[in-house]
Amino acid sequence: MKIYMSDIRKAKMCARGSRAFFLAQGWDYQDFLVNGIDLDIVEQANDAMAQQVVEYVKNGRKQ
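Using my numbering, the first residue of the sequence shown is number 39, and each one after it goes up by one.
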């Protein structure tokens with residue numbers, strides 16, 4: 039399962055903060071914008087805000 043920028047926005051997270059988070063993790067932000075990122079990778083980051091996005095996606099993107 040993948041996470042996309044639309045999921046981050048719908049989970050009430052900002053693009054600027056997500057970019058900073060990706061850079062801090064050493065992840066390719068531009069690739070994420072084009073292809074998304076595997077949910078498992080984000081889940082392993084063990085970050086509270088990232089977990090909010092993970093839960094949003096796992097719960098069927100219904101929020």
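All C-beta atoms, glycine included, are put in the ideal place defined by N, C-alpha and C.
Is residue i helix, strand or coil by DSSP?
{"i": "D76", "result": "strand"}
{"i": "K40", "result": "strand"}
Beta-carbon separation of residue i and residue j under 8 Å?
{"i": "V91", "j": "M51", "result": "yes"}
{"i": "A58", "j": "M43", "result": "no"}
Buried or exposed: residue i, going by 16 or more other Cβ atoms within 10 Å of its Cβ?
{"i": "S56", "result": "buried"}
{"i": "A62", "result": "exposed"}
{"i": "A49", "result": "buried"}
Closer than 7 Å to a non-hydrogen atom of the ligand GTP - does that hold for the CB of residue i?
{"i": "W65", "result": "You won't find the ligand GTP in this model; it holds no ligand whatsoever."}
So, do the stretch 87 to 96 and the stretch 64 to 71 have three or more beta carbon pairs nearer to each other than 8 Å?
Segment contact: the stretch 87 to 96 against the stretch 64 to 71, fewer than three CB-CB distances shorter than 8 Å; contact not assigned.
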